[in-house]
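Numbering (our numbering), first residue to last: 35 to 290. Even for Gly, the Cβ is constructed at its ideal location relative to N, Cα and C. All values derive from a computational prediction rather than experimental measurement.
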Amino acid sequence: MLKFEELKSFLDEKADRYNTPDFIENDPIQIPHRFSLQQDIEIAGFLAATISWGNRKSIISSAEKMLSIMGDSPYDFVMNYSQKDLEDIQDKSIHRTFNGQDFAYFIRQFNRIYKENESLESLFEVRESETNFLHAIERFRNNFLETEKHRSHKHISSPGKNSSAKRIIMFLRWMVRKDKRGVDFGIWEKIDHKYLSIPLDVHTGNISRKLGLISRTQNDWKTVEELDIAIRKFDKNDPAKYDFALFGLGVTKELL
């Protein structure tokens, strides 16, 4: 086991190595990077993050399929689609269990939300008494999904039900982190990136256990909060930068 300063130095070095524009080429974050309009970035980013499970090449290909359906203009499509557009989408195959019905549902919800909000940021604001995005994500879910039950609800995880909410946490990193390294966008001005967590999955969980950062065996929200405590000791103002370190260690299999 490394001592605190040794581990911090090790993780800082790995984060610095992987937090570069080269990261974008093979990562789903390349999808929103194709746009400059904030709403396009948000919609493309949210959709790409939502289907981010499995092979990264497959994720990117499926996200490109959604962009193509939207005429490579996500915001314009969301605000101006016709009923026939949605009917044509319903039967399409998109990505694994995220199908055309889910895609059409998301488009309808985006339309409603953007008629009421200039940006998705207002739906994710963290309140003064909160220390992470747990309640903000729950508020977003309640707004985005409304009360009517739909098959698409399963595609937006609930940390309130102890899900790690990996894909939403990843999307939030993209939108919130401001470090001018060219990877994360940092286009949301009202939310401090000190509230961000590590997107927790099998790989980041396993690496974190090998490094002694967490002890829980499940990859759930309680473990996200356990990891929060550990990584915020290294950098309380920008804890999510260590996502790049854990990712890099997972890719290189350096600790195996």
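Where W208 is concerned, the enclosing alpha helix (DSSP H) starts and stops at 200 to 210. Using a C-beta cut-off of 8 Å, the stretch 140 to 155 makes contact with the stretch 104 to 117, since at least three inter-stretch Cβ pairs fall below that distance.
Looking at the DSSP output, S197 sits in a beta bridge with D254. For F132, the three-state secondary structure derived from DSSP is strand. By alpha-carbon distance to D226, the top candidate from S191, P273, E172 is P273.
Taking 8 Å as the upper bound for CB-CB distance, L234 and S191 are not in contact here, some 11 Å apart. Take the alpha-carbon of T131 and the one of I265: they are about 33 Å apart. In the three-state scheme derived from DSSP, where H, G and I count as helix and E and B as strand, S127 is classed as coil. Assigned with DSSP and collapsed to three states, V112 falls in helix. Just measuring C-alpha positions, the residue of E121, F140, L71, A83 sitting nearest S107 is L71. Counting only the Cα atoms, K200 lies some 23 Å from F69.
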